[in-house]
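Taking it in order: structure first as structure tokens, then the write-up.
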Amino acid sequence: MAIYGAQAEQPGDVRKAVSLRDLKARKEQGEKIVMLTCYDASFSQLLDSCGVDVLLIGDSLGMVLQGHASTLPVTMDQVVYHTECVAR
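With the numbering used here, you'll find the sequence shown wraps up at 210, consecutive numbering, no jumps.
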């Protein structure tokens, strides 16, 4: 099933990594780029299978996952940890 005009990937399909050069070229060509926030391995696999171009891991995890009122308490070590989870 295609979502928003994109072709659904088949099981076993391997997607090519998106580089900064790819993103720059797509921007210059006026192509849309899909970026979503992600904090764990299972969600990253789901987003990858949906064809999301870029996964964003940011300090918003402090509010979304840790229940803080702001992102200020989030440490770089915490962002690195969640980046490692997403990269699996």
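Here a beta-carbon is modelled for each residue, glycine too, at the ideal position from N, C-alpha and C.
With three or more beta-carbon pairs closer than 8 Å as the criterion, would you say the stretch 142-150 touches the stretch 185-193? The answer is no - the stretch 185-193 does not touch the stretch 142-150, with fewer than three Cβ pairs under 8 Å.
What does the Cβ neighbour count give for GLY189, buried or exposed, with the cut at 16 atoms within 10 Å? GLY189 comes out exposed.
If we count the other Cβ atoms within 10 Å of its Cβ and call it buried at 16 or more, is SER166 buried or exposed? That one is buried.
How should LEU169 be labelled, buried or exposed, when 16 other C-beta atoms within 10 angstroms of its C-beta is the threshold for buried? A buried status is given to LEU169, since no fewer than 16 other beta-carbon atoms sit within 10 Å of its beta-carbon.
Please classify VAL176 as buried or exposed, where buried requires at least 16 neighbouring CB atoms within 10 angstroms. The C-beta of VAL176 has fewer than 16 other C-beta atoms within 10 Å across all chains shown, which makes the residue exposed.
Name the residue from ALA209, MET185, GLN200 and VAL156 whose alpha carbon lies nearest to the alpha carbon of GLY173. Ranking the options by Cα distance to GLY173, first place goes to VAL156.
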